[in-house]
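Taking the working numbering, I'd label the letters of the sequence shown as residues -9 to 201.
Please read the structure below before turning to the comments.
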Amino acid sequence: MTDQTKIAEELAEPHHFGSHNIYMPSAPVGHFLPYYPWRTLYEQLPFEGAYPQLLYTNSQADALFDALSLRLAELVADKDFHMEVSLQYPKGIPVEEVREGYLTLIVTDPCLAQRLEGLPVEVPSELWLDMLAMSLIQYILRTEIAPEEQVDVALVEMPHDAAEEESDEVRPLWVKQWEQTQEMIRKSDGADRYRYGFSLTLAGRNSSNVE
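What follows is the structure, encoded as structure tokens:
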């Protein structure tokens, strides 16, 4: 059994929010692609009409779908492309009381510029990366968290302004984790890396203290 297969099998069974942290140094990209947010992508591009109907009425939109589908499929076999994923919950809190978690995504893609060349319609690199991040989030929500649990997701800008003023004892887990990620990237080999931080909040639970 390969590491990728083992990771996929471990994520296939839903777990309750806060039950355990996960870390994937190279997430199985092929499992995220079925959740790719095509509708959101087309809403951000200069097309009139809604996806998927516009694929049948706009030849450029249809051509872009075909071209991006091929580029996405190429990611699966690209050894230089990586999506590093970390989902962390607060320590020392019973699972039934955990309300918050933090999801870090680091996309490494040295070929990003070339990957987006020659498309029928220009797709900004930021939009391309955002859509990959959204597909990963949907995958996590549908496989890592029990279906009946409603989770709100928000992009987090880290570190926040108060981070330097707080001690290690009271700083939120995700601030410390984010800073460790930043330090790791500064020591990296120079490959193009793009970082996302997301807060996950479980609806219907009282706020938990983050250590």
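We put the CB at the ideal spot given by N, CA and C, even for glycine.
Just so you know, these numbers come straight off a predicted model, no measurement behind them.
| Check | Outcome |
| --- | --- |
| Give the DSSP bridge partners of Leu109, in chain order. | Note: Leu109 sits in no beta bridge, so no partner. |
| DSSP three-state label for Arg89, please. | coil |
| Do the segment 125 to 142 and the segment 23 to 38 make contact, defined as three or more Cβ pairs closer than 8 Å? | yes |
| Any idea if Ala51 is buried or exposed, counting beta-carbon neighbours within 10 angstroms, 16 or more meaning buried? | buried |
| What residue range is occupied by the uninterrupted alpha helix (DSSP H) comprising Ile83? | Segment: none, Ile83 is in no alpha helix (DSSP H) and carries neither H nor E. |
| Nearest-angstrom Cα distance between Glu38 and Pro84? | 49 Å |
| Threshold first: 4 residues or longer. Then list the alpha helix (DSSP H) segments lying entirely within the segment 19 to 53, N to C. | 19 to 22, 28 to 33 |
| Using the Cα positions of Val143 and Leu54, report the straight-line distance between them to the nearest angstrom. | 28 Å |
| Buried or exposed for Tyr8, going by 16 or more other Cβ atoms inside 10 Å? | What sits at residue 8 in the sequence shown is Gly, not Tyr. Burial call: buried. |
| Using a threshold of 9 Å, state whether the C-beta atoms of Tyr184 and Leu117 are closer than that. | no |
| Inspect the CB distances between the segment 87 to 106 and the segment 28 to 35 and report whether three or more fall short of 8 Å. | no |
| Could you tell me the boundaries of the beta strand (DSSP E) in which Ser189 lies? | 183 to 192 |
| On the criterion of 16 or more Cβ atoms from any shown chain inside 10 Å, does Asp56 qualify as buried, or is it exposed? | exposed |
| Within a Cβ cutoff of 7 Å, which residues of the same chain sit near Tyr129, ignoring the five residues on either side of it in sequence? | His21, Phe22, Tyr25 |
| Across which residues does DSSP place Leu121 in a beta bridge pair? | According to the sequence displayed, residue 121 carries Met and not Leu. DSSP output for Met121 lists no bridge partner at all. |
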